[in-house]
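Enquirer: Shown below is the structure under consideration.
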(Lines of atoms letter the chains of each structure in order from A and count residues from 1; the text may use other names and numbers.)
(Lines give C-alpha, C1' and ligand atoms only; values in the text may rest on other atoms or scores of the structure.)
Protein backbone atom coordinates (compact mmCIF):
# COMPACT_ATOMS: atom_id res chain seq x y z
CA UNK A 1 0.00 0.00 0.00
CA UNK A 2 1.36 3.42 -0.95
CA UNK A 3 1.09 6.68 0.97
CA UNK A 4 -0.23 9.88 -0.56
CA UNK A 5 1.36 13.09 0.72
CA UNK A 6 -0.86 16.14 0.27
CA UNK A 7 -0.19 19.82 1.03
CA UNK A 8 -2.65 20.76 3.76
CA UNK A 9 -3.37 23.11 6.62
CA UNK A 10 -5.21 22.35 9.84
CA UNK A 11 -7.00 25.36 11.26
CA UNK A 12 -9.42 26.31 13.96
CA UNK A 13 -12.17 28.61 12.78
CA UNK A 14 -14.49 29.87 15.50
CA UNK A 15 -15.45 26.84 17.58
CA UNK A 16 -14.72 24.34 14.79
CA UNK A 17 -11.60 22.72 13.37
CA UNK A 18 -11.03 21.42 9.88
CA UNK A 19 -8.45 20.28 7.35
CA UNK A 20 -8.00 22.72 4.44
CA UNK A 21 -6.72 21.53 1.07
CA UNK A 22 -6.46 22.89 -2.46
CA UNK A 23 -9.16 21.32 -4.60
CA UNK A 24 -6.68 20.99 -7.46
CA UNK A 25 -4.51 18.62 -5.38
CA UNK A 26 -7.31 16.04 -5.03
CA UNK A 27 -8.65 13.34 -7.37
CA UNK A 28 -11.17 14.57 -9.92
CA UNK A 29 -13.46 11.58 -9.33
CA UNK A 30 -15.87 12.55 -6.48
CA UNK A 31 -16.05 9.04 -4.98
CA UNK A 32 -12.28 8.64 -4.93
CA UNK A 33 -11.90 12.15 -3.51
CA UNK A 34 -14.42 11.50 -0.74
CA UNK A 35 -12.80 8.19 0.28
CA UNK A 36 -9.45 9.96 0.51
CA UNK A 37 -10.82 12.85 2.57
CA UNK A 38 -12.68 10.56 4.96
CA UNK A 39 -9.54 8.45 5.47
CA UNK A 40 -7.55 11.61 6.10
CA UNK A 41 -9.81 12.36 9.08
CA UNK A 42 -9.83 8.76 10.31
CA UNK A 43 -13.23 7.65 9.03
CA UNK A 44 -15.08 5.36 8.68
CA UNK A 45 -14.53 4.51 12.34
CA UNK A 46 -17.02 2.20 14.12
CA UNK A 47 -15.46 3.26 17.43
CA UNK A 48 -16.37 6.89 16.77
CA UNK A 49 -12.98 8.33 17.72
CA UNK A 50 -11.10 8.94 14.42
CA UNK A 51 -7.87 8.03 16.21
CA UNK A 52 -6.10 7.16 12.94
CA UNK A 53 -6.68 10.56 11.37
CA UNK A 54 -6.99 14.29 11.98
CA UNK A 55 -10.60 14.13 13.17
CA UNK A 56 -11.39 14.17 16.87
CA UNK A 57 -14.55 12.10 17.07
CA UNK A 58 -16.97 15.03 17.36
CA UNK A 59 -18.99 16.73 14.65
CA UNK A 60 -17.40 20.16 15.10
CA UNK A 61 -13.95 18.81 14.14
CA UNK A 62 -14.88 16.19 11.52
CA UNK A 63 -14.71 18.70 8.68
CA UNK A 64 -12.86 19.27 5.42
CA UNK A 65 -12.57 22.41 3.29
CA UNK A 66 -11.52 22.55 -0.36
CA UNK A 67 -10.19 25.88 -1.63
CA UNK A 68 -9.66 27.22 -5.14
CA UNK A 69 -8.75 30.55 -6.66
CA UNK A 70 -12.14 31.81 -7.84
CA UNK A 71 -12.88 32.38 -11.51
CA UNK A 72 -15.73 34.72 -10.55
CA UNK A 73 -15.08 38.47 -10.96
CA UNK A 74 -16.83 39.15 -7.64
CA UNK A 75 -14.84 36.66 -5.53
CA UNK A 76 -11.25 35.82 -4.64
CA UNK A 77 -11.65 32.31 -3.22
CA UNK A 78 -14.08 29.44 -3.79
CA UNK A 79 -14.89 27.65 -0.52
CA UNK A 80 -16.37 24.13 -0.60
CA UNK A 81 -17.24 22.53 2.74
CA UNK A 82 -17.66 18.84 3.56
CA UNK A 83 -19.00 17.40 6.82
CA UNK A 84 -17.66 13.89 7.42
CA UNK A 85 -19.85 11.36 9.23
CA UNK A 86 -17.54 9.85 11.83
CA UNK A 87 -18.77 6.25 11.85
CA UNK A 88 -19.70 5.83 8.17
CA UNK A 89 -17.20 8.17 6.52
CA UNK A 90 -19.91 9.55 4.25
CA UNK A 91 -19.32 13.22 3.37
CA UNK A 92 -22.29 15.57 3.22
CA UNK A 93 -21.64 18.50 0.86
CA UNK A 94 -25.12 20.00 1.22
CA UNK A 95 -24.37 22.93 3.51
CA UNK A 96 -21.78 25.41 4.74
CA UNK A 97 -19.87 25.91 7.99
CA UNK A 98 -20.14 29.39 9.46
CA UNK A 99 -17.35 28.97 11.99
CA UNK A 100 -14.82 27.63 9.49
CA UNK A 101 -15.62 30.58 7.23
CA UNK A 102 -13.31 32.54 9.54
CA UNK A 103 -10.41 30.26 8.59
CA UNK A 104 -10.92 30.38 4.81
CA UNK A 105 -8.93 33.60 4.33
CA UNK A 106 -5.98 32.49 6.49
CA UNK A 107 -5.90 29.05 4.82
CA UNK A 108 -6.03 30.60 1.35
CA UNK A 109 -3.01 32.74 2.20
CA UNK A 110 -1.06 29.68 3.39
CA UNK A 111 -2.05 27.77 0.25
CA UNK A 112 -0.74 30.55 -1.99
CA UNK A 113 -4.17 31.25 -3.44
CA UNK A 114 -4.23 34.90 -2.38
CA UNK A 115 -1.50 37.40 -1.51
CA UNK A 116 -1.44 39.20 1.82
CA UNK A 117 0.00 42.63 2.66
CA UNK A 118 2.83 42.92 5.15
CA UNK A 119 0.47 44.28 7.79
CA UNK A 120 -3.02 45.64 8.27
CA UNK A 121 -6.20 43.95 7.11
CA UNK A 122 -6.99 41.84 4.05
CA UNK A 123 -10.54 41.78 2.66
CA UNK A 124 -11.19 38.30 1.25
CA UNK A 125 -14.22 37.91 -1.00
CA UNK A 126 -15.38 34.32 -0.56
CA UNK A 127 -17.74 32.43 -2.83
CA UNK A 128 -19.41 29.76 -0.70
CA UNK A 129 -19.86 26.98 -3.26
CA UNK A 130 -22.27 24.78 -1.28
CA UNK A 131 -24.82 27.56 -0.82
CA UNK A 132 -23.95 29.80 -3.80
CA UNK A 133 -23.57 32.81 -1.48
CA UNK A 134 -20.96 35.49 -0.85
CA UNK A 135 -19.06 35.98 2.40
CA UNK A 136 -16.78 38.93 3.10
CA UNK A 137 -13.98 38.19 5.56
CA UNK A 138 -11.71 40.85 7.05
CA UNK A 139 -8.50 39.07 8.03
CA UNK A 140 -5.92 40.82 10.26
CA UNK A 141 -2.37 40.46 8.91
CA UNK A 142 0.94 40.55 10.77
CA UNK A 143 4.36 40.07 9.12
CA UNK A 144 2.68 39.03 5.88
CA UNK A 145 0.76 36.18 7.52
CA UNK A 146 -2.65 35.80 9.20
CA UNK A 147 -2.45 37.27 12.69
CA UNK A 148 -2.33 34.53 15.33
CA UNK A 149 -2.81 36.61 18.47
CA UNK A 150 -5.62 38.88 19.56
CA UNK A 151 -8.13 39.75 22.24
CA UNK A 152 -11.32 38.39 20.67
CA UNK A 153 -12.95 35.86 22.99
CA UNK A 154 -15.69 33.41 22.04
CA UNK A 155 -17.66 31.37 24.54
CA UNK A 156 -16.73 27.73 24.22
CA UNK A 157 -13.08 28.51 23.39
CA UNK A 158 -10.30 28.45 25.96
CA UNK A 159 -8.06 31.04 24.27
CA UNK A 160 -8.66 34.42 22.59
CA UNK A 161 -7.59 35.18 19.03
CA UNK A 162 -7.40 37.86 16.38
CA UNK A 163 -10.92 38.97 15.38
CA UNK A 164 -12.14 38.19 11.86
CA UNK A 165 -15.33 39.99 10.85
CA UNK A 166 -17.60 37.93 8.60
CA UNK A 167 -20.45 39.36 6.55
CA UNK A 168 -22.75 36.73 5.06
CA UNK A 169 -24.40 38.55 2.17
CA UNK A 170 -28.05 37.88 1.31
CA UNK A 171 -28.06 34.68 3.42
CA UNK A 172 -31.69 33.70 2.76
CA UNK A 173 -32.29 30.77 0.44
CA UNK A 174 -28.99 28.93 0.76
CA UNK A 175 -30.55 25.91 -0.96
CA UNK A 176 -31.88 27.97 -3.86
CA UNK A 177 -35.34 28.76 -2.52
CA UNK A 178 -36.93 31.42 -0.29
CA UNK A 179 -36.29 32.20 3.37
CA UNK A 180 -39.29 30.03 4.28
CA UNK A 181 -39.22 27.05 1.88
CA UNK A 182 -42.82 26.08 2.69
CA UNK A 183 -44.03 29.65 2.20
CA UNK A 184 -45.03 30.17 5.82
CA UNK A 185 -43.21 31.04 9.05
CA UNK A 186 -44.68 28.16 11.05
CA UNK A 187 -45.66 24.62 10.09
CA UNK A 188 -46.84 21.52 11.97
CA UNK A 189 -44.60 18.48 11.98
CA UNK A 190 -46.15 15.17 12.98
CA UNK A 191 -43.92 12.13 12.40
CA UNK A 192 -45.62 8.79 12.96
CA UNK A 193 -46.33 8.16 16.63
CA UNK A 194 -45.69 11.78 17.66
CA UNK A 195 -48.07 14.59 18.55
CA UNK A 196 -47.97 17.58 16.16
CA UNK A 197 -45.11 20.01 16.87
CA UNK A 198 -45.15 23.63 15.63
CA UNK A 199 -41.93 24.29 13.74
CA UNK A 200 -40.29 27.08 11.78
CA UNK A 201 -38.56 25.75 8.67
CA UNK A 202 -36.12 28.46 7.66
CA UNK A 203 -33.22 28.70 5.24
CA UNK A 204 -30.66 31.39 6.09
CA UNK A 205 -26.96 30.50 5.65
CA UNK A 206 -28.07 26.86 6.09
CA UNK A 207 -31.51 25.25 6.45
CA UNK A 208 -32.67 25.02 10.08
CA UNK A 209 -35.72 23.57 11.82
CA UNK A 210 -36.73 25.46 14.98
CA UNK A 211 -39.12 24.09 17.61
CA UNK A 212 -39.96 25.03 21.20
CA UNK A 213 -38.16 23.10 23.93
CA UNK A 214 -41.46 22.72 25.78
CA UNK A 215 -42.92 20.77 22.85
CA UNK A 216 -40.11 18.25 23.31
CA UNK A 217 -40.68 17.98 27.06
CA UNK A 218 -37.47 19.90 27.75
CA UNK A 219 -36.60 22.93 29.87
CA UNK A 220 -34.08 24.23 27.36
CA UNK A 221 -31.08 24.45 29.68
CA UNK A 222 -30.12 20.77 29.63
CA UNK A 223 -26.50 19.92 28.85
CA UNK A 224 -25.46 17.89 25.78
CA UNK A 225 -23.93 15.05 27.82
CA UNK A 226 -27.32 14.45 29.44
CA UNK A 227 -29.31 14.75 26.22
CA UNK A 228 -26.98 12.56 24.17
CA UNK A 229 -27.66 9.65 26.53
CA UNK A 230 -31.39 9.80 25.71
CA UNK A 231 -31.70 7.57 22.64
CA UNK A 232 -35.47 8.04 22.48
CA UNK A 233 -35.11 11.83 22.40
CA UNK A 234 -32.45 11.69 19.68
CA UNK A 235 -34.71 9.44 17.61
CA UNK A 236 -37.61 11.91 17.96
CA UNK A 237 -35.38 14.80 16.97
CA UNK A 238 -34.18 12.90 13.91
CA UNK A 239 -37.76 12.04 12.92
CA UNK A 240 -38.71 15.73 13.10
CA UNK A 241 -35.60 16.74 11.17
CA UNK A 242 -36.23 14.21 8.40
CA UNK A 243 -39.88 15.18 7.98
CA UNK A 244 -38.87 18.84 7.84
CA UNK A 245 -36.23 18.03 5.22
CA UNK A 246 -38.91 16.58 2.95
CA UNK A 247 -41.23 19.55 3.57
CA UNK A 248 -38.40 21.94 2.67
CA UNK A 249 -37.75 20.13 -0.60
CA UNK A 250 -34.28 19.04 0.49
CA UNK A 251 -34.99 15.30 0.23
CA UNK A 252 -37.62 13.25 -1.62
CA UNK A 253 -38.47 11.08 1.39
CA UNK A 254 -37.52 10.41 5.01
CA UNK A 255 -35.03 7.70 4.06
CA UNK A 256 -33.12 10.07 1.79
CA UNK A 257 -33.32 12.77 4.46
CA UNK A 258 -31.63 10.41 6.91
CA UNK A 259 -28.63 10.18 4.59
CA UNK A 260 -28.40 13.97 4.33
CA UNK A 261 -27.04 14.33 7.85
CA UNK A 262 -25.54 17.83 7.72
CA UNK A 263 -28.65 19.78 6.69
CA UNK A 264 -31.16 20.73 7.77
CA UNK A 265 -30.11 20.99 11.37
CA UNK A 266 -32.68 21.14 14.15
CA UNK A 267 -32.72 23.54 17.10
CA UNK A 268 -35.00 24.11 20.03
CA UNK A 269 -35.52 27.33 21.95
CA UNK A 270 -36.78 28.28 25.40
CA UNK A 271 -37.38 31.47 27.40
CA UNK A 272 -34.34 33.02 29.05
CA UNK A 273 -33.66 31.83 32.59
CA UNK A 274 -30.80 31.74 35.07
CA UNK A 275 -28.66 28.65 34.48
CA UNK A 276 -25.12 27.28 34.33
CA UNK A 277 -23.04 26.63 31.23
CA UNK A 278 -21.23 23.32 30.73
CA UNK A 279 -18.14 24.72 32.44
CA UNK A 280 -20.12 25.98 35.43
CA UNK A 281 -20.39 29.69 34.60
CA UNK A 282 -23.60 31.40 35.66
CA UNK A 283 -25.75 33.14 33.05
CA UNK A 284 -28.53 35.40 34.31
CA UNK A 285 -31.86 35.64 32.54
CA UNK A 286 -31.35 39.33 31.71
CA UNK A 287 -28.12 38.62 29.80
CA UNK A 288 -29.85 36.86 26.90
CA UNK A 289 -33.06 36.87 24.89
CA UNK A 290 -33.54 33.09 25.00
CA UNK A 291 -31.90 29.67 25.32
CA UNK A 292 -31.09 27.45 22.34
CA UNK A 293 -29.73 23.99 21.67
CA UNK A 294 -29.05 22.24 18.37
CA UNK A 295 -28.33 18.81 16.94
CA UNK A 296 -25.42 18.29 14.55
CA UNK A 297 -24.80 14.98 12.77
CA UNK A 298 -27.09 13.13 15.17
CA UNK A 299 -25.69 14.50 18.44
CA UNK A 300 -26.54 17.53 20.57
CA UNK A 301 -23.91 20.19 19.86
CA UNK A 302 -21.53 21.33 22.60
CA UNK A 303 -22.14 24.95 21.56
CA UNK A 304 -24.06 26.27 18.58
CA UNK A 305 -23.25 26.36 14.88
CA UNK A 306 -22.34 29.61 13.13
CA UNK A 307 -24.85 29.15 10.33
CA UNK A 308 -27.48 28.12 12.87
CA UNK A 309 -26.80 31.37 14.71
CA UNK A 310 -27.57 33.28 11.50
CA UNK A 311 -30.77 31.29 10.95
CA UNK A 312 -31.90 31.96 14.53
CA UNK A 313 -31.29 35.66 13.99
CA UNK A 314 -33.35 35.57 10.81
CA UNK A 315 -36.20 33.73 12.54
CA UNK A 316 -36.17 36.23 15.40
CA UNK A 317 -36.58 39.12 12.97
CA UNK A 318 -39.61 37.66 11.18
CA UNK A 319 -43.22 37.71 12.39
CA UNK A 320 -45.02 34.45 13.09
CA UNK A 321 -42.02 32.19 13.66
CA UNK A 322 -41.66 29.92 16.69
CA UNK A 323 -38.81 32.17 17.78
CA UNK A 324 -40.49 35.57 17.38
CA UNK A 325 -43.60 34.25 19.15
CA UNK A 326 -41.39 33.22 22.06
CA UNK A 327 -39.90 36.73 22.11
CA UNK A 328 -43.32 38.40 21.99
CA UNK A 329 -42.81 39.73 18.46
CA UNK A 330 -40.12 40.24 15.83
CA UNK A 331 -36.74 41.40 17.14
CA UNK A 332 -35.33 44.21 15.02
CA UNK A 333 -32.90 47.07 15.51
CA UNK A 334 -30.50 45.21 17.78
CA UNK A 335 -28.54 41.93 17.81
CA UNK A 336 -30.09 38.71 19.05
CA UNK A 337 -28.29 37.24 22.06
CA UNK A 338 -28.92 33.66 23.08
CA UNK A 339 -27.43 31.17 25.50
CA UNK A 340 -26.13 27.78 24.35
CA UNK A 341 -24.31 25.03 26.30
CA UNK A 342 -20.95 26.78 25.99
CA UNK A 343 -22.04 30.36 26.71
CA UNK A 344 -23.58 33.18 24.66
CA UNK A 345 -23.79 33.90 20.93
CA UNK A 346 -24.97 37.09 19.29
CA UNK A 347 -25.92 37.83 15.71
CA UNK A 348 -26.44 41.17 13.97
CA UNK A 349 -28.60 41.47 10.85
CA UNK A 350 -28.59 44.27 8.29
CA UNK A 351 -32.13 44.68 6.95
CA UNK A 352 -33.15 46.40 3.71
CA UNK A 353 -36.81 46.81 2.77
CA UNK A 354 -37.83 43.83 4.89
CA UNK A 355 -35.18 41.45 3.57
CA UNK A 356 -31.92 40.34 5.15
CA UNK A 357 -29.11 42.09 3.29
CA UNK A 358 -26.35 40.65 5.47
CA UNK A 359 -25.66 38.81 8.70
CA UNK A 360 -22.54 39.65 10.67
CA UNK A 361 -20.52 37.35 12.91
CA UNK A 362 -17.14 37.98 14.49
CA UNK A 363 -14.94 34.95 15.00
CA UNK A 364 -11.23 34.18 15.26
CA UNK A 365 -9.07 31.63 13.48
CA UNK A 366 -5.72 30.06 14.23
CA UNK A 367 -3.31 27.99 12.18
CA UNK A 368 -2.66 24.70 14.00
CA UNK A 369 -0.54 23.01 11.32
CA UNK A 370 0.70 23.77 7.83
CA UNK A 371 2.61 21.21 5.82
CA UNK A 372 1.80 17.73 4.51
CA UNK A 373 -0.77 15.19 5.55
CA UNK A 374 0.01 11.53 4.86
CA UNK A 375 -2.90 9.36 3.76
CA UNK A 376 -2.82 5.60 3.01
CA UNK A 377 -3.73 5.28 -0.67
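In this note's numbering, the protein residues as written are 833 to 1209. Don't be surprised by glycine CBs; every beta carbon is placed ideally from N, CA and C.
If you follow the alpha helix (DSSP H) that residue 773 is in, where does it begin and where does it stop?
Expert: Nothing about residue 773 can be read from this structure; the chain reaches only from 833 to 1209.
Enquirer: Could you say which of 873, 836, 1189 lies nearest to residue 859 if we only look at CA atoms?
Expert: Ranking 873, 836, 1189 by Cα distance to residue 859 puts 836 first.
Enquirer: How is residue 1066 classed by DSSP in three states: helix, strand or coil?
Expert: If DSSP states are grouped into helix, strand and coil, residue 1066 belongs with the helices.
Enquirer: In three-state terms, what does DSSP make of residue 850?
Expert: In this structure, residue 850 counts as strand in the three-state DSSP scheme.
Enquirer: Kindly indicate which residue of 963, 969, 948, 959 has the alpha-carbon position closest to the one of residue 977.
Expert: It is 948 whose Cα lies nearest to the Cα of residue 977.
Enquirer: Below 8 Å on the Cβ atoms is my contact criterion, and I expect residue 1072 with residue 1023 to pass it. Report the Cβ-Cβ distance as a whole number of Å.
Expert: With a Cβ gap of about 6 Å, residue 1072 and residue 1023 count as contacting.
Enquirer: DSSP on residue 947, reduced to helix/strand/coil?
Expert: Three-state DSSP puts residue 947 in coil, outside helix and strand.
Enquirer: Can you grab the Cα-Cα spacing for the pair residue 1056 / residue 938, in whole Å?
Expert: Using only the alpha carbons, I get a separation of about 31 Å.
Enquirer: Can the beta-carbon of residue 921 be found less than 9 Å from the beta-carbon of residue 1036?
Expert: Contact flag unset, no.
Enquirer: Helix, strand or coil for residue 857 per DSSP?
Expert: Helix, per DSSP.
Enquirer: Going straight from the alpha carbon of residue 915 to that of residue 1151, what length do you get?
Expert: Their Cα atoms are separated by approximately 32 Å.
Enquirer: Cα separation between residue 907 and residue 930?
Expert: Rounded to whole angstroms, residue 907 to residue 930 spans 17 Å at the Cα level.
Enquirer: Within a Cβ cutoff of 8 Å, which residues of the same chain sit near residue 1162, ignoring the five residues on either side of it in sequence?
Expert: If we look at residue 1162 and ignore the five residues flanking it on each side, its Cβ neighbours are 1148, 1149, 1150, 1151, 1156.
Enquirer: Could you say if the region 1011-1020 and the region 1029-1043 meet the contact criterion of at least three C-beta pairs nearer than 8 Å?
Expert: Judged by Cβ distances under 8 Å, the region 1011-1020 makes contact with the region 1029-1043, as three or more pairs qualify.
Enquirer: Taking a contact to mean a Cβ-Cβ separation below 9 Å, would you say residue 1192 touches residue 999 in this structure?
Expert: Yes, the Cβ-Cβ distance between residue 1192 and residue 999 is below 9 Å.
Enquirer: Counting pairs of Cβ atoms below 8 Å between the region 1086-1103 and the region 1045-1065, do you hit three or more?
Expert: Because the criterion of three Cβ pairs below 8 Å is met, the region 1086-1103 and the region 1045-1065 touch.
Enquirer: Return the CA-CA distance between residue 980 and residue 1199, expressed in angstroms with no decimal places.
Expert: The straight-line gap from Cα to Cα measures roughly 7 Å.
Enquirer: Please classify residue 978: does DSSP put it in a helix, a strand, or coil?
Expert: DSSP places residue 978 in strand when its eight states are reduced to three.
Enquirer: Keeping to the same chain, check which residues put their C-beta closer than 6 Å to that of residue 815; ignore five residues upstream and five downstream.
Expert: Nothing about residue 815 can be read from this structure; the chain reaches only from 833 to 1209.
Enquirer: I need the boundaries of the alpha helix (DSSP H) containing residue 1157, first residue and last residue.
Expert: Taken as a continuous stretch (DSSP letters only), the alpha helix (DSSP H) holding residue 1157 covers 1154-1159.
Enquirer: Would residue 1172 be called buried (16 or more neighbouring beta carbons within 10 Å of its own) or exposed?
Expert: So residue 1172 ends up on the buried side.
Enquirer: Which of the three DSSP states, helix, strand or coil, is assigned to residue 1087?
Expert: The answer is helix: DSSP assigns residue 1087 an H, G or I state.
Enquirer: In whole angstroms, give me the CA-to-CA distance for residue 842 and residue 848.
Expert: Between residue 842 and residue 848, the C-alpha separation is close to 11 Å.
Enquirer: Verify whether the separation of the beta carbon atoms of residue 1006 and residue 1038 is less than 9 Å.
Expert: Yes; because the gap between Cβ atoms is below 9 Å, this pair is in contact.
Enquirer: For the beta strand (DSSP E) holding residue 941, just list the boundary residues, first then last.
Expert: Element bounds for residue 941: not the beta strand (DSSP E) but the alpha helix (DSSP H), 933-942.
Enquirer: Is residue 1207 helix, strand or coil when you go by DSSP?
Expert: Here residue 1207 sits in strand by DSSP.
Enquirer: Excluding the 5 residues preceding and the 5 following residue 1116 in the sequence, name in chain order all residues of the same chain whose CB lies nearer than 6 Å to its CB.
Expert: Excluding positions up to five away in sequence, the list reads 1106.
Enquirer: What's the C-alpha gap between residue 1125 and residue 834?
Expert: Cα to Cα, the separation comes out at about 44 Å.
Enquirer: I'd like to check one pair, residue 1197 with residue 845: are the Cβ atoms closer than 9 Å?
Expert: For residue 845 and residue 1197, yes; Cβs fall inside 9 Å.
Enquirer: For residue 1184 and residue 1141, I'd like the C-alpha separation in whole angstroms.
Expert: Their Cα atoms are separated by approximately 20 Å.
Enquirer: Looking at residue 1041 and residue 1096, is the spacing between their C-beta atoms short of 9 Å?
Expert: Taking 9 Å as the Cβ cut-off, residue 1096 and residue 1041 qualify as a contacting pair.
Enquirer: Three-state secondary structure (DSSP) at residue 1138?
Expert: Helix.
Enquirer: Could you tell me the distance, in whole angstroms, from the CA atom of residue 1114 to the CA atom of residue 1064?
Expert: Whole-angstrom Cα-Cα distance: 29 Å.
Enquirer: Could you give the C-beta distance for residue 855 and residue 886, rounded to a whole number, given that I count them as a contact under 8 Å?
Expert: Going by Cβ atoms, the distance from residue 855 to residue 886 rounds to 18 Å, so no, they are not a contact pair.
Enquirer: If I follow the unbroken alpha helix (DSSP H) through residue 1151, where does it start and stop?
Expert: Per DSSP, residue 1151 belongs to no alpha helix (DSSP H) and is neither H nor E.
Enquirer: Let's test the definition: count the other Cβ atoms within 10 Å of the Cβ of residue 963 and tell me whether it reaches 16, buried, or not, exposed.
Expert: Result: buried.
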